[in-house]
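Residue numbers (our numbering), protein chains in the order written: chain A, 1 to 306; chain B, 1 to 81.
All residues carry an ideal CB built from backbone N, CA and C; glycine is no exception.
Keep in mind that this is a model prediction, so the values were computed, not measured.
As structure tokens, the structure follows; a few thoughts come after it.
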């Protein structure tokens, strides 16, 4: 059994989360040899005859696209590992500006850059948009998470290698959260920096935009546990993905409206920075963009025309 | 007969199903939704849509065939581990 881990437009955190299996990785590599992984070993190209290839990161430039094509051809099963591979992840946010502005910012305008610095000419050029891996290649399994938590990888990876199936909870972050709903009488929208949230009660009920109810679980509600509203890093919950009339933005608005009695229209007006607050991890996904009620198309159009 | 099952570990007692149900099937008891009048349920599944924790399960309800399906979504759903 040969496995490979390919890196596309991502941060390598998903590969590190495989290493986070700690001593269990020893029993994994007894059954499966890791033949290619640019982050953890020095092999330049994926060999032929890979049994399971894990792909992390989104497809943002021509090189990513080529690498994805190659690894798909050379592997029997392809697994999208992590939210970038499943839904585009934060690489998708680069669609809110154009490549010239991004290069100018990174090479010249940040604190460590200088105004006269040359812009890179010989790097692979951007595709016209970000893609999730599943948008342009056949994917056999999806494992979401930013990164996927080692607690679940400990169950999933050995089963994948053996060819077994696993039964894990597929519910939302709220189902793993220990908070209870408090009073919503004086509900008003609060930015993250406003006040310190009460630890006992639901963050959404307190006015913070916590995406727990629209986000796939598997993180043990780690952020709400530490008093931080959920940012949606596991990608959309499966009911949002499944139903054509549900989207992250509209279900958040509906839940707040039902909870507080405030009309949906006035809540929609109150929302701020929708791209970064509602869609930071899913803006690059064609599947999420193609929902008729999705706001992603408008956000990209607005962002890239500025 | 519709059998309503509430996953008590998942339910966070937000009460959205109590507010949302047109037939007033649910009640909150000790911060958990309880289907006290399950016999009144008409199977609209509106509570499924609003439940933030996906704690509800209705046995014996068969939603009508959808008018719209996205094959890519169905393919992806099958493959999420």
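- Here residue 20 of chain B is not near residue 44 of chain B, since their CB atoms are 7 angstroms or more apart.
- In this structure, A:133 is the residue among A:133, A:107, A:197, A:11 with its C-alpha nearest to the C-alpha of residue 65 of chain A.
- Within chain A, no C-beta atom comes nearer than 7 angstroms to that of residue 22 of chain B; the closest sits roughly 13 angstroms away.
- For the segment 10-60 of chain B, the continuous alpha helix (DSSP H) assignments of 4+ residues that do not extend past its boundaries occur at 16-20, 46-50, in sequence order.
- For residue 297 of chain A, the CB contacts under 7 angstroms within the same chain, skipping 5 residues up- and downstream, are 289 in chain order.
- Note on residue 293 of chain A: under 16 other CB atoms within 10 angstroms of its CB, so exposed under the neighbour-count rule.
- Minimum Cα-Cα distance from residue 33 of chain B among the listed residues B:62, B:16, B:22 corresponds to B:16.
- Look at residue 272 of chain A here: in three-state DSSP terms it is coil, with no helix or strand label.
- Assignment of alpha helix (DSSP H) within the segment 165-240 of chain A, counting only whole runs of 4 or more residues, yields 222-225 in chain order.
- Residues of the same chain with a CB within less than 8 angstroms of the CB of residue 161 of chain A, apart from the 5 flanking positions on each side, are 1, 3, 28, 31, 32, 52 in chain order.
- Against chain B, the CB of residue 162 of chain A has no partner CB under 7 angstroms away; the residue lies outside that interface.
- Below 8 angstroms, enough C-beta pairs join the segment 179-194 of chain A and the segment 207-217 of chain A to call them touching: three or more.
- Within the same chain, Cβ atoms closer than 6 angstroms to the Cβ of residue 147 of chain A are found at 13, 14, 17, 82, the five residues on either side in sequence being excluded.
- Sixteen is the threshold: since fewer than 16 other Cβ atoms of the shown chains lie within 10 Å of the Cβ of residue 41 of chain A, the residue is exposed.
- Remark: C-beta atoms of residue 238 of chain A and residue 253 of chain A do not approach each other more closely than 7 angstroms.
- A direct Cα-Cα distance of roughly 43 angstroms separates residue 291 of chain A from residue 26 of chain A.
- In this structure residue 89 of chain A does not touch residue 131 of chain A by the C-beta definition: roughly 11 angstroms separates them, more than the 8 angstroms allowed.
- Judged by DSSP secondary structure, residue 62 of chain A falls outside any beta strand (DSSP E) and instead within the alpha helix (DSSP H) spanning 62-74.
- With contact defined as three or more Cβ pairs closer than 8 angstroms, the segment 97-110 of chain A and the segment 276-289 of chain A are not in contact.
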